[in-house]
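A.B. asks: Sending over a structure as structure tokens; questions will come in a sec.
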Amino acid sequence: MTALGRHPRDVRRIVLTHFHEDHAGGAAEFAALSGAEVLAHRLDAPAVRGEIPGPEPVFEDWERPLHEQALKLLPRGDYARPGRSPNCPAARCWTSAAGRTSCTCQDTRTAASRCISRSTARCSPVTRSPRRLSTAR
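According to numbering that gives the first Met the number 0, the sequence shown is numbered sequentially starting from 0.
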């Protein structure tokens with residue numbers, strides 16, 4: 000964030016689109032660091048707050064081969080970075096609305112199912128939604 004000229008306290012909202020521990024797990028720590036408000040669907044809120052266990056992950060048939068292929072390990076010192084690592088379909092879109100910057104990161108399921116372009120010039124409706132959130136009062 001600092002490389003982009005931003006600071007964690009510039010983040011005002013953390014929007015959790017669904018509860019998966021690998022997506023929502025860092026929200027509390029980042030909210031404490033930034034002071035951001037955490038937003039979640041009412042059905043996911045108890046799991047996000049830790050009041051109930053989150054749902055077990057369910058993998059679709061088309062996802063299972065991806066996990067089998069993931070047996071190749073990165074050499075020590077190499078790092079996987081979304082959108083910059085080979086075969087990593089995660090996508091990011093930075094948009095500016097009313098002087099505010101928003102970011103969205105897609106997990107591999109969303110990115111693969113929507114065929115999101117890596118170009119920030121063309122974003123799917125999913126990646127454009129933070130633009131509407133950024134103008135919310």
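Built from N, CA and C at the ideal position, the CB exists for glycine as well.
In this text the structure is predicted, and so the values were computed from the model without any measurement.
Can you name the residues that DSSP bridges to ALA39?
C.D. replies: Walking along the sequence shown from the start, residue 39 turns up at place 40. Answer by DSSP bridge pairing, in chain order: LEU15.
A.B. asks: Are there 16 or more other CB atoms within 10 angstroms of the CB of ALA46, so buried, or fewer, so exposed?
C.D. replies: On the sequence shown, residue 46 is found 47 positions in, with the first residue counted as 1. So ALA46 ends up on the buried side.
A.B. asks: Compute the minimum distance between the beta carbon of LEU32 and the heavy atoms of the ligand HEM, and state whether it is under 7 Å.
C.D. replies: For the structure depicted, the ligand HEM is absent and the ligand set is empty, with no information on it obtainable.
A.B. asks: Within 10 angstroms of the Cβ of PHE58, are there 16 or more other Cβ atoms? Answer buried if so, exposed if not.
C.D. replies: Translated into the one-based positions of the sequence shown, residue 58 becomes position 59. Its Cβ having fewer than 16 others within 10 Å, PHE58 is exposed.
A.B. asks: Roughly how many angstroms lie between the CA atoms of ALA30 and ASP21, to the nearest whole one?
C.D. replies: As a working note, residue 30 is residue 31 in the sequence shown. As a working note, residue 21 is residue 22 in the sequence shown. C-alpha separation (whole angstroms): 16 Å.
A.B. asks: Taking buried to mean at least 16 other C-beta atoms within 10 Å of its own C-beta, is ALA2 buried or exposed?
C.D. replies: As a working mapping, residue 2 is identified with position 3 in the sequence shown. It counts as exposed.
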